[in-house]
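Asker:
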Amino acid sequence: MSRTASIHTDSTSHGFANGYLFGIPLGNLGWFGTLLIALASGFFTFFATTFCAIFGILFYNIATHGSVDYALSYRWVGFPAGLLMLGFSSAYLGRLWIRRMLNRG
Numbered sequence: 189m190s191r192t193a194s195i196h197t198d199s200t201s202h203g204f205a206n207g208y209l210f211g212i213p214l215g216n217l218g219w220f221g222t223l224l225i226a227l228a229s230g231f232f233t234f235f236a237t238t239f240c241a242i243f244g245i246l247f248y249n250i251a252t253h254g255s256v257d258y259a260l261s262y263r264w265v266g267f268p269a270g271l272l273m274l275g276f277s278s279a280y281l282g283r284l285w286i287r288r289m290l291n292r293g
């Protein structure tokens, strides 16, 4: 009454260079999915870095009794970081999509 365990071993690598990120097959997205994921990563980066910058300014103002304007977190931290991530993710995901389209034909 012993059961043998079926172990599936995949010989292909699911790494970043092969179009996989944390096991998610990013190389299999269509053009709309590629655009949507690129925009979402840019928005997420904008909001995450702005959040961290606001708290950084808050702690700086508390520690130094300063009056640094919170709008600087949007202008000098969040917006450039969001644009950089949007550009990087668009280039990476677009390259994966173009490579998949060229290999299909």
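Basically this note's numbering = 1-based index in the sequence shown + 188.
All residues carry an ideal CB built from backbone N, CA and C; glycine is no exception.
1. For the alpha helix (DSSP H) that contains L214, what are its first and last residues?
2. When you compare the CB positions of A269 and F234, do they come within less than 8 Å of one another, or not?
3. If you draw a straight line from the C-alpha of Y280 to the C-alpha of A236, how long is it?
4. So the candidates are Y248, W219, V256, L274; which of them puts its Cα closest to the Cα of L284?
5. What's the C-alpha gap between N291 and S255?
6. What does the alpha-carbon distance come out to for the pair F247 and I286?
7. Based on DSSP bridge pairs, tell me the residues matched to G262.
8. Name the residue from I225, I212, F239, G221 whose alpha carbon lies nearest to the alpha carbon of S277.
9. Note down, in chain order, each residue of its chain lying with its Cβ closer than 6 Å to the Cβ of L271, except the 5 sequence neighbours on either side.
10. To the nearest angstrom, report how far apart V265 and F239 are at their CA atoms.
Answerer: Reading off the structure:
1. It is not in any alpha helix (DSSP H) - L214 carries neither H nor E in the DSSP assignment.
2. Yes, they are a contact pair.
3. Approximately 21 Å, taken between the alpha carbons.
4. W219
5. 56 Å
6. 45 Å
7. The question names Gly, yet the displayed sequence has Tyr at residue 262. According to DSSP, which records beta bridges pairwise, Y262 is partnered with nothing at all.
8. I225
9. none
10. 10 Å
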